[in-house]
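S.K.: By the count of the UniProt record's numbering, the sequence shown reaches residue 91 at its end, each step adding exactly one. Below are the structure tokens for one structure; questions will follow.
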Amino acid sequence: MITTNRFSSSIWDDVEHAILRAAQRPSTCREIATVAGLTPDTVKTQIDVQARGGLIVQSVDGGVRYQLTVAGWKRLFALADTARPGQQAAA
């Protein structure tokens, strides 16, 4: 059984948050990678995971683009509301 600690979980939350934030408007995988500051391979893998989870949908308007679903927006807001390492929680 694989276990994750708090540190590794927060890193993946940061990756997910960066991708969801970048997908607020229809964007290609490469555009999302550039905005998120991640490699295209990492973004493509995570987009596939998030699409299966219903957070991102693929459209083909003028090429393959990805954008948030309603569930994706909710997850983005939930991730934005959690305290991140290095951030001070609101009092």
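Every residue, glycine too, gets a C-beta built ideally from N, C-alpha and C. A quick note: this is a predicted structure, and the numbers were derived from the prediction, not measured.
Please state whether the Cβ-Cβ distance between arginine 65 and threonine 28 is less than 8 Å.
M.R.: Closer than 8 Å, so yes.
S.K.: Would you give the residue range spanned by the beta strand (DSSP E) that arginine 65 belongs to?
M.R.: Arginine 65 -> beta strand (DSSP E) spans 65-68.
S.K.: For the alpha helix (DSSP H) containing valine 43, list its first residue and its last residue.
M.R.: Counting along the chain, the alpha helix (DSSP H) containing valine 43 begins and ends at 40-52.
S.K.: To the nearest angstrom, how far is the alpha carbon of alanine 80 from that of histidine 17?
M.R.: Approximately 7 Å, taken between the alpha carbons.
S.K.: Evaluate the contact criterion for the stretch 65-77 versus the stretch 43-55: three or more CB pairs, one atom per stretch, below 8 Å.
M.R.: Output reads yes: the stretch 43-55 touches the stretch 65-77.
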